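Numbering (the working numbering), first residue to last: 1 to 241. Ideal Cβ placement from N, Cα and C applies to all residues, glycine included. Nothing here was measured: the structure is a model prediction, and the numbers come from that model.
Printed below as a string of structure tokens:
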């Protein structure tokens, strides 16, 4: 399903940025392994929750919950959908209208994050964190350096990764491997859940937050070629839970 122009514009509300140095931020320093898999799909390993629909909310909250869900599963063996609504209500003053993945991480470090069942949406915008227990906690977060091989190493060894992308043109995507003309502008958040190749073309596999009717059942494959990759390597991060 393609998105209308209005629906697509509303999906890009919010702010995404390359993370700035913070007390809790560190850099991914991989031990490169020659035999990492040629393809990875964390859905097959149970680390990815079902596709969600952000509606009028910023994609950054879905990118944060998605990567936390994966890391929590890999640590504790339970795949628990987490609360986007708590992040929207509590992590920034702008709610669904704006925020960054970094702000989401800092909030979870300070307060933890409830499950979607315990803190459901929609809400009136009031933060209710004091009365609801946290399902997941975080100690710090890690930035992945800006190159394809390092990011591939991170996805293969760490799990799903939060990324910022240029999603202009994604509203027309219905399947296949997408090439981006602009891979420097970042305006959307997604979850990188794997990589692979098809007919000689290397791709990244991303979970989006526009519902299952969009793209490949809610997912998109993006060309891994630098300059055509929608900026996926520019702001890749993951939390330490």
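Local conformation of residue i per DSSP, three classes
i, result
"residue 216", "strand"
"residue 111", "helix"
"residue 42", "coil"
"residue 101", "helix"
"residue 129", "helix"
"residue 14", "Residue confidence for residue 14 is low, a pLDDT of 49 falling below 50, so the modelled location carries little weight; the figure read from the coordinates is stated next. Coil."
Extent of the continuous beta strand (DSSP E) to which residue i belongs
i, result
"residue 75", "From DSSP, residue 75 is part of no beta strand (DSSP E) but of the alpha helix (DSSP H) over 59-76."
"residue 207", "201-207"
"residue 238", "236-240"
"residue 189", "188-198"
"residue 224", "It is not in any beta strand (DSSP E) - residue 224 carries neither H nor E in the DSSP assignment."
"residue 273", "Because the chain spans 1 through 241 in this model, residue 273 falls outside it and cannot be assessed."
"residue 244", "Absent from the model: residue 244. The displayed extent of the chain is 1 to 241, so no value can be given."
"residue 27", "25-27"
Classification of residue i by the beta-carbon crowding that lies within 10 angstroms, buried from 16 upward
i, result
"residue 33", "exposed"
"residue 207", "buried"
"residue 232", "buried"
"residue 131", "exposed"
"residue 103", "buried"
"residue 220", "buried"
"residue 75", "exposed"
"residue 224", "buried"
"residue 237", "buried"
"residue 239", "buried"
"residue 161", "buried"
"residue 129", "buried"
"residue 106", "buried"
"residue 147", "exposed"
"residue 83", "buried"
"residue 125", "exposed"
"residue 21", "Confidence at residue 21 is low in this model, with a pLDDT of 49, below 50, so its placement is unreliable and the value that follows should be read with caution. Exposed: under 16 other Cβ atoms inside 10 Å."
Endpoints, alpha helix (DSSP H) assigned at residue i
i, result
"residue 151", "148-157"
"residue 89", "84-90"
Check: residue i C-beta below 8 angstroms from any heavy atom of the ligand MN
i, result
"residue 155", "No copy of the ligand MN occurs in the structure displayed, which carries no ligand at all."
Kindly confirm or deny that the stretch 131-144 and the stretch 173-189 touch, where touching means at least three C-beta pairs closer than 8 angstroms.
no
Answer yes if the stretch 53-66 comes into contact with the stretch 87-106, meaning at least three C-beta pairs across the two stretches below 8 angstroms, and no otherwise.
yes
The stretch 144-157 in contact with the stretch 33-45 per 3-pair CB rule at 8 angstroms:
yes
Determine contact between the stretch 202-217 and the stretch 116-125, defined as no fewer than three beta-carbon pairs at a distance below 8 angstroms.
no
If you pair each beta-carbon of the stretch 180-194 with each one of the stretch 84-98, do three or more pairs fall below 8 angstroms?
no
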